Structures are given as structure tokens and as C-alpha cells.
Amino acid sequence: MLGASFNTPEQNRAFAEKLGLKFPLLSDSERTTAFAYGACTDLHARHPARMSFLIDEQGRIERVYERVDPREHPARVLADVLGI
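Just so you know, we're using the working numbering here: the sequence shown kicks off at 6 and counts up by one.
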């Protein structure tokens, strides 16, 4: 699992430490990745859309989650990965 934001690496590091995140947060300050994945359509946006992508071992997008509720999302993705 990876996370991404428009913040600097330093801001992401502080955010991850504050919340105790156990996965890397990537910096997309140029918004390149967000545009490529459809999570941003405005260069002046302060934040990308909260989206999630299930990507297979070959780098193919298997599933796109456009509306993510952080309370329910991990269980949903796990169910999809396990084929439940």
C-alpha cells in the first residue's frame, strides 16, 4: 500500500509520524500522478480526490475506488484482493 499527496516529502513524513502510518506516503507536488490517475483535474487544487487503486503485480489497474470511506475501505479492498 502507498499513499500520495501534494505535500512535500517532509510534510508527508511529519503527517505519517503524527498518525502512526505504516505505509509510505509519496509526494506528488507537481500533480503529475494525480492527473494521470484522474484524481485531480485542476492544477490549483489543494488536494487530490480521495481515490484508491488496486494494481496487480504487472502494474495493471484491476479496480478503481472513486469514493473512499476510510472506515470501510480497508475491508472492501481486502475482500476484493481475496476474491470474497
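Positions of the beta carbon are idealized from the N, C-alpha and C atoms, including for glycine. Just so we're clear, the structure is a prediction, and the values are computed from it rather than from any experiment.
According to DSSP, what are the bridge partners of V86?
V86 is not bridged to any residue.
Could you spell out where the alpha helix (DSSP H) holding F40 opens and where it closes?
37-41
Would a C-beta distance cut-off of 8 Å place V73 and R55 closer than the cut-off?
yes
What residues in its chain sit with their C-beta under 8 Å from that of D33, if we drop five residues either side in the sequence?
A9, S10, F11, A39, P53
Tell me R98's beta-bridge partners as DSSP assigns them.
This structure does not reach residue 98, given that the chain is present from 6 up to 89, and the question cannot be answered.
Using a 10 Å radius around the Cβ and a threshold of 16 neighbouring Cβ atoms, would you call A44 buried or exposed?
buried
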